[in-house]
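Numbering (this note's numbering), first residue to last: 47 to 361.
What follows is one structure encoded as structure tokens, with my remarks underneath.
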Amino acid sequence: MPQFVLPANRTQWDSAETIHKIQGKSLRAWPDLRSGSKVSIEQFLLSRVLCPPRRGPSQLVNGQFGITPALLTRAKNLLQMIPSYQLYLQNIGGNNWADPALGPFGPVLRLQAEIRAGWAKGGGKQTDEDTVNAAFIELLSALTSLVPTTDSWWRTTKRRLTFTGLRNGYVAITDGQFEVKATEEIRTPIECKGREREKLNARITMQEVAELVAWVKEYPDARISPPVRLYVSSVIWTIVSRIWCANKYSRPLAGQCGQEIFLESLEYGQDWIKYIRQGQKAGNSFANLHSYGPYDMNKVSDMRLLAPVIVAMSY
Numbered sequence: 047m048p049q050f051v052l053p054a055n056r057t058q059w060d061s062a063e064t065i066h067k068i069q070g071k072s073l074r075a076w077p078d079l080r081s082g083s084k085v086s087i088e089q090f091l092l093s094r095v096l097c098p099p100r101r102g103p104s105q106l107v108n109g110q111f112g113i114t115p116a117l118l119t120r121a122k123n124l125l126q127m128i129p130s131y132q133l134y135l136q137n138i139g140g141n142n143w144a145d146p147a148l149g150p151f152g153p154v155l156r157l158q159a160e161i162r163a164g165w166a167k168g169g170g171k172q173t174d175e176d177t178v179n180a181a182f183i184e185l186l187s188a189l190t191s192l193v194p195t196t197d198s199w200w201r202t203t204k205r206r207l208t209f210t211g212l213r214n215g216y217v218a219i220t221d222g223q224f225e226v227k228a229t230e231e232i233r234t235p236i237e238c239k240g241r242e243r244e245k246l247n248a249r250i251t252m253q254e255v256a257e258l259v260a261w262v263k264e265y266p267d268a269r270i271s272p273p274v275r276l277y278v279s280s281v282i283w284t285i286v287s288r289i290w291c292a293n294k295y296s297r298p299l300a301g302q303c304g305q306e307i308f309l310e311s312l313e314y315g316q317d318w319i320k321y322i323r324q325g326q327k328a329g330n331s332f333a334n335l336h337s338y339g340p341y342d343m344n345k346v347s348d349m350r351l352l353a354p355v356i357v358a359m360s361y
């Protein structure tokens with residue numbers, strides 16, 4: 047049986063709809079809704095999420111993550127002044143994690159070394175998922191700790207996100223999340239795997255989509271979803287943002303598979319929200335999942351690209 051190919055555009059989705067015989071169906075009314083890790087192809091397609099080809103780390107569109115050019119510059123300037131972060135970059139890929147000068151990045155290097163050790167020992171390009179999860183959250187926490195004014199933190203506590211349909215529903219469970227301390231509102235869920243992503247990309251993406259859809263369904267956009275920002279120039283930024291933000295929203299997701307880190311942004315408008323909530327298919331009732339990576343935890347160049355993004359998201 048040929049491997050399922052994620053639809054990158056509407057034409058491919060229409061073809062998949064015909065092949066899997068789901069014409070006229072909706073996610074809300076689908077009788078066989080499964081938990082996030084066991085989602086079927088039909089359930090995924092009925093989420094009406096298109097998956098354009100993944101872009102590399104240097105191609106990340108910061109606006110999809112609510113990051114303005116000024117905010118990214120602020121994050122880069124901050125990182126340049128942090129000795130512990132600079133020392134972390136110098137020790138990436140090594141085993142020198144005991145130096146007190148590393149500060150919060152010492153545990154990051156130790157856990158990343160554990161991932162490499164498990165990877166080398168297993169021989170099957172995988173390691174313990176709990177180790178990957180712990181290492182990733184430790185890295186994110188170390189970077190966010192550099193922003194003393196942040197109101198949010200990265201938590202290892204898993205959250206249950208529920209999609210409620212007409213007759214049944216499903217539950218997606220995060221591997222942790224970035225959430226507001228005072229209210230526990232989720233800002234960025236986390237999804238980690240112990241093995242490399244590429245061979246299982248479709249299955250992992252389907253699980254991530256189920257998680258994001260449940261998040262949108264359970265927690266409305268008015269309170270927590272930052273609008274997508276379109277950057278053209280600083281001169282016309284205000285005008286463009288007022289037009290664009292009225293119709294577009296985004297929800298981020300961060301994950302690590304083995305030694306590789308990925309950032310994703312689900313971009314959608316009011317038509318897709320109406321479809322998810324009410325089953326209506328008017329207008330452009332599709333969302334797009336933009337994926338970026340992999341950021342190799344062992345490559346200094348990749349970590350230099352990832353770090354300012356995480357810091358900027360922490361403000």
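Ideal Cβ positions, reconstructed from N, Cα and C, are used throughout, including at glycine.
Every value quoted in this text rests on a predicted model; they were computed, and no experiment measured them.
Between the beta-carbon of MET349 and that of LEU135 there is about 6 Å, and that keeps the pair under the 8 Å contact cut. By the CB criterion at 8 Å, GLN172 and GLY240 fall inside the cutoff. No Cβ-Cβ contact shorter than 8 Å links ILE65 with GLU88. The criterion of a C-beta distance shorter than 8 Å is not satisfied by LEU106 and PRO354. If you check the CB distance, PHE332 and LEU96 come in under 8 Å.
Counting along the chain, TRP200 sits inside the beta strand (DSSP E) bounded by residues 198 to 201. By the Cβ test, the region 116 to 131 is in contact with the region 175 to 192, since at least three Cβ pairs between them sit closer than 8 Å. Taking the Cα positions, CYS238 is about 20 Å away from PRO99. Within the same chain, THR234, PRO235, ILE236, GLU237, GLU254, GLU257, LEU258, LEU309, GLU310, SER311 and LEU312 come within 8 Å of LEU299 by CB-CB distance, once the 5 residues on both sides are set aside. When the alpha-carbon of TYR321 is set against those of ARG205, LYS263 and MET127, the nearest one is in LYS263.
Among the bridge pairs identified by DSSP, HIS336 is matched with SER311. The three-state reading of DSSP puts THR234 in strand, counting E and B together.
Here the C-alpha atom of ARG323 lies approximately 37 Å from the C-alpha atom of ALA121.
The shortest C-alpha to C-alpha distance from ALA181 to any of THR196, ASP197, THR195 and ARG162 is the one to ARG162.
A direct Cα-to-Cα measurement between GLU230 and THR202 gives close to 13 Å. In the structure shown, PHE50 adopts coil according to DSSP, grouped into three states. Between the beta-carbon of SER104 and that of LEU73 there is about 35 Å, and that puts the pair past the 8 Å contact cut. Setting aside the 5 residues that flank it on each side, ASN108 is surrounded in the same chain by LEU118, each with a C-beta closer than 6 Å to its C-beta; the list follows chain order.
Following the DSSP letters along the chain, one finds PHE209 inside the beta strand (DSSP E) bounded by residues 206 to 210.
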